[in-house]
Amino acid sequence: MKNYFKEIKKLEKDQERLSKEYSESERIFYTVDDPKLKEEARLNMIDIQSKIDDLKFEEDQANECLMNMVNQGIMI
């Protein structure tokens with residue numbers, strides 16, 4: 025049970041880190057004039073958003089497992 029809590033915390037930290045990376049790529053995208061750098065930043069933003077979505081899905085799955093355990097009366 026504690027493993028689920030640790031996993032959720034880890035996923036939240038990863039999401040936070042990726043959100044910061046996304047913000048940095050977004051800043052580059054809107055401030056750079058070079059088309060190649062702009063395209064690279066855009067692709068990076070797409071990749072990071074995909075990773076964030078995957079982490080949110082994993083977090084939802086872990087929360088669902090945790091709730092199922094609680095609903096079944098398994099002790100935390």
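The C-terminal residue of the sequence shown carries number 100 in this note's numbering, and the numbering is unbroken. Using N, Cα and C, we set each Cβ at its ideal position, and we do this for glycine too.
- Straight through space, the alpha carbons of Met91 and Gln85 are spaced by roughly 10 Å.
- Sixteen is the threshold: since fewer than 16 other Cβ atoms of the shown chains lie within 10 Å of the Cβ of Ser47, the residue is exposed.
- Secondary structure at Gln96: coil, using DSSP grouped into helix, strand and coil.
- Around the beta carbon of Ser49, a 10 Å sphere encloses 16 or more other beta carbons of the protein chains shown; the residue is thus reported as buried.
- Apart from the 5 residues on each side of it in sequence, Glu82 sits with its Cβ closer than 6 Å to the Cβ of Leu35 in its chain, given in chain order.
- Between Ile72 and Gln39, the C-beta gap is not smaller than 8 Å, which leaves the two residues out of contact.
- Per the coordinates, the alpha-carbon of Tyr54 lies some 13 Å from the alpha-carbon of Asn68.
- For Asp78, the three-state secondary structure derived from DSSP is helix.
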